[in-house]
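Participant: Each protein sequence line maps, in turn, to chains X and S. When we follow my numbering, the leftmost residue of the first sequence carries the number 1, and every step to the right adds one. When we follow my numbering, the leftmost residue of the second sequence carries the number 1, and every step to the right adds one.
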Amino acid sequence: MHIEKSSLIQNLILRTEQNIISAKKFKLLSIEQLNYKSNPEEWSILECLEHLNLYGDYYLPEIEKTMLEQKKQYSSPMFKSGVLGNYFANLMLPKENGQIKKMKSPEDKNPVHSQLSFTTIERFLKQQELLKKLLEQSKTKDLTKLKTPISISKWIKLRLGDTFRFVIYHNQRHIAQAERLLQQ
Amino acid sequence: MKSPATFSNKLLQSIDKIAIKRTLAKGELLLKEGDIERNLYYVSSGALRVFLLTEYEEMTIRFGYEGSFINSLSSFITQKPSEFYIEAIRKTTIQIISKDKLQEIIHQNTESMQEYIALIEALVTQQIEREIDLLTISPAERLKRVLARSPNLFQQIPLKYIASYLRMTPETLSRVRNS
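(1) Considering Met59/S, what are the terminal residues of the alpha helix (DSSP H) in which it resides?
(2) For my contact list, Val146/S and Leu153/S are in at a C-beta cut-off of 8 Å; report their separation, rounded to the angstrom.
(3) Distance check for Arg130/S and Gln172/X, CA to CA, integer angstroms please.
(4) Rounded to the nearest angstrom, what separates Thr6/S and Leu125/X at their Cα positions?
(5) Taking the straight line between their C-alpha atoms, what separation do you get for Thr125/S and Val50/S?
(6) Any idea if Trp43/X is buried or exposed, counting beta-carbon neighbours within 10 angstroms, 16 or more meaning buried?
(7) Using the three-state DSSP reduction, which class does Thr92/S fall into: helix, strand or coil?
(8) Taking Cβ-Cβ distances shorter than 9 Å, what residues in chain S pair up with Leu130/X?
(9) Grab me the residues of Thr163/X's own chain with a C-beta within less than 6 Å of its C-beta, minus the 5 sequence neighbours each way, in chain order.
(10) According to the neighbour-count rule (16 or more other Cβ atoms, all chains shown, within 10 Å of its Cβ), is Met103/X buried or exposed?
(11) Any chance you could list the beta strand (DSSP E) runs of at least 3 consecutive residues sitting entirely within the segment 13 to 65 of chain S, in chain order?
(12) Quick one: what does DSSP say Lys80/X is sitting in, helix, strand or coil?
(13) Leu24/S: which of Gln114/S, Gln127/S and Ile86/S sits nearest, CA to CA?
(14) When you compare the CB positions of Met67/X and Ser138/X, do they come within less than 8 Å of one another, or not?
(15) Which same chain residues end up closer than 7 Å to His174/X when comparing Cβ atoms and leaving out the 5 residues on each side of it in sequence?
(16) Just verifying my parser: in three-state terms, what is the DSSP assignment at Arg159/X?
(17) Could you spell out the range, first to last residue, of the beta strand (DSSP E) harbouring Pro149/X?
(18) Please say whether Gln70/X and Lys141/X have beta carbons closer to each other than 8 Å?
(19) Among the residues of its own chain, which have a CB less than 8 Å from the CB of Thr16/X, if the five just before and after it don't count?
(20) To the nearest angstrom, how far is it from the Cα of Ala176/X to the Cα of Gly64/S?
(21) Just the C-alpha distance for Arg180/X and Phe166/X, rounded to the nearest angstrom, thanks.
(22) Kindly list, in the order they appear in chain X, the residues whose Cβ is closer than 7 Å to that of Glu58/S.
(23) Name the chain S residues whose beta carbon is nearer than 9 Å to that of Arg123/X?
(24) Looking only at DSSP bridge pairs, what is Ile97/S linked to?
(25) What are the start and end residues of the beta strand (DSSP E) that includes Glu4/X?
(26) Where does Gly46/S land, buried or exposed, given buried means 16+ other C-beta within 10 angstroms?
(27) Would DSSP call Tyr36/X helix, strand or coil?
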């Protein structure tokens with residue numbers, strides 16, 4: 001991916017706004033609907049959101065920290081994706097035929113069997129507002145040169161633009177999963 | 001806010017006459033972030049907690065024990081949206097007094113006014129104690145300070161909320177408590 005920074009950021013803000021709209025719809029559901037699952041190992045709507053919150057707990061402070069590290073005023077108006085970052089980000093999106101590649105969640109990001117309530121949705125919404133603010137701030141940052149360590153290994157770093165893409169595509173992935181539950 | 005010892009009197013009697021009783025189920029919300037706090041609550045039985053929800057966690061900042069008053073105080077005073085949630089920790093019965101009614105009562109006679117002032121003063125003192133709690137670095141010392149004020153804390157409140165109130169993990173609290 002080689003793209004103008006401003007159009008990438010605009011695209012990611014739009015995706016985040018879509019996620020916010022979906023999460024606000026979940027607020028209208030009863031706690032039974034929010035906790036519904038067709039089998040014990042599957043996630044409920046609240047568990048999908050909590051899974052995203054757990055990722056946000058890691059990535060939002062990391063992104064904030066990374067952006068503070070930029071000292072130079074000038075930053076390139078373009079963003080160029082890294083090989084690994086591009087791979088991870090695209091892995092989160094549905095395939096062209098709409099299929100989703102199933103994956104196993106890391107143990108520490110698996111919310112299954114935790115006690116969740118309405119605050120899970122509120123917390124998700126607060127994280128999305130913060131994410132939007134960080135995207136706004138990133139307009140003056142170098143999305144290619146600044147790098148954030150990933151959650152499973154501090155030795156592997158992704159370009160900031162790819163980290164944003166990964167986090168937001170990943171949000172979309174599980175929001176879509178939660179919406180499929182709603183249809184059941 | 002814990003009521004002073006002298007509180008079983010005029011103000012409480014007046015409040016008792018006009019208060020509206022309400023029972024909350026476990027986990028039920030009395031107030032949400034963004035709501036305006038229009039009432040003062042007296043906890044007849046059960047327990048409540050006041051918490052702040054951030055992007056990263058729920059932070060419990062205050063408990064409402066049986067026999068004490070609670071509300072979202074800054075919102076109650078300013079009539080601006082509350083930053084806090086209030087939730088029933090278990091099945092809880094409260095007496096609700098509106099701000100308007102409370103104003104009427106405290107202006108009825110000097111005794112009620114004095115008692116109201118005493119209540120507010122007790123609250124200010126507690127807030128300062130709480131500030132020192134939060135500045136106390138040792139987890140053991142922090143727990144000791146809170147237990148000195150509320151000896152029955154562990155009988156009334158689940159560990160995870162006490163841990164949040166003390167700004168430590170439930171694991172640390174367990175360890176500190178057992179040592």
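Backbone N, C-alpha and C define an ideal beta-carbon position, used for all residues, glycine too. None of these values were measured; they are calculated from a predicted model.
Facilitator: Looking at the coordinates:
(1) For Met59/S, there is no enclosing alpha helix (DSSP H); the enclosing beta strand (DSSP E) has its first and last residue at Glu58 to Gly64.
(2) Yes, Val146/S and Leu153/S are in contact; Cβ-Cβ is about 7 Å, under 8 Å.
(3) Distance from the CA atom of Gln172/X to the CA atom of Arg130/S, rounded to whole angstroms, is 41 Å.
(4) Note that Thr6/S scores a pLDDT of 46, beneath 50, so its modelled location is shaky and nothing firm can be said.
(5) One C-alpha to the other measures close to 18 Å.
(6) Within 10 angstroms of the beta-carbon of Trp43/X lie 16 or more other beta-carbons, which makes it buried.
(7) Here Thr92/S sits in strand by DSSP.
(8) Going along chain S in sequence order, the residues near Leu130/X (Cβ under 9 Å) are Glu55.
(9) So the list reads Thr148, once near-sequence residues are dropped.
(10) Met103/X is exposed by the Cβ-count criterion.
(11) Segments of the beta strand (DSSP E) lying fully in the segment 13 to 65 of chain S: 20 to 24, 29 to 31, 39 to 45, 48 to 53 and 58 to 64.
(12) In the structure shown, Lys80/X sits in a strand (DSSP, three-state: E or B).
(13) Closest option to Leu24/S, judged by alpha-carbon separation, among Gln114/S, Gln127/S and Ile86/S: Ile86/S.
(14) For Met67/X and Ser138/X, yes; Cβs fall inside 8 Å.
(15) The beta carbon of His174/X sits closer than 7 Å to the beta carbons of Cys48, His51 and Leu52 from its chain, once the five residues preceding and following it are set aside; these are given in chain order.
(16) Assigned with DSSP and collapsed to three states, Arg159/X falls in strand.
(17) For Pro149/X, the enclosing beta strand (DSSP E) covers residues Lys147 to Ile150.
(18) Going by C-beta atoms, Lys141/X is nearer than 8 Å to Gln70/X.
(19) Within the same chain, and ignoring the five residues on either side of Thr16/X in sequence, the residues whose Cβ sits closer than 8 Å to its Cβ are Gln128, Leu131, Lys132, Leu135, Ile168 and Asn171.
(20) Cα to Cα, the separation comes out at about 40 Å.
(21) Straight-line spacing of the CA atoms in Arg180/X and Phe166/X works out to 21 Å.
(22) The contact set of Glu58/S on chain X, defined by CB atoms closer than 7 Å, consists of Thr119 in chain order.
(23) Neighbours of Arg123/X on chain S, chain order: Leu53, Thr54, Glu55, Tyr56, Glu57 and Glu58.
(24) Answer is Leu40/S, bridged to Ile97/S.
(25) In the DSSP annotation of this structure, the continuous segment of the beta strand (DSSP E) that includes Glu4/X starts and ends at His2 to Glu4.
(26) Flag for Gly46/S reads buried.
(27) In the structure shown, Tyr36/X sits in coil (DSSP, three-state: anything other than H, G, I, E or B).
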